[in-house]
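Asks: Let me begin by handing over the structure; questions about it come next.
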Amino acid sequence: MFRRILLAAACIVAATTAALSSSPAQAATTQQTFITFYGWYDNTPPGGDIAYPQIHSTAGGKGTYADPITFASATA
């Protein structure tokens, strides 16, 4: 009797494993992105001024949640 229960449990585990592992894998999606860093000399005149100061009056920051770094983009 115990052998039948053990055999039935093994069959259930094997069937469940086969059903779960037979699903096709999904392909990863990628997106081509260009990142440009603007520096001190990209401003006219060169400096750390930013257009819309909210947290900092000039470009800067430590990179933490409380003091994030300033970044720039070509368009809004």
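FYI, in my numbering the residues of the sequence shown are 2 to 77. Glycine is no exception: its CB is placed at the ideal position from the N, C-alpha and C atoms.
(1) From the DSSP output, in three-state form, read off Thr18 for me.
(2) Rounded to the nearest angstrom, what separates Pro54 and Pro25 at their Cα positions?
(3) Using C-beta distances below 7 Å, list every residue in its chain close to Tyr39, excluding the 5 sequence neighbours before and after it, in chain order.
(4) Going by beta carbon distance, what residues of the same chain come within less than 8 Å of Gly61, once the five residues before and after it are set aside?
(5) For Thr59, collect the residues of the same chain with a Cβ closer than 7 Å to its Cβ; drop the 5 residues on either side in sequence, then sort them by chain order.
Replies: On the basis of the data shown:
(1) helix
(2) 50 Å
(3) Ala73
(4) Gly49, Ile70 and Thr71
(5) Gly49, Asp50 and Ile51
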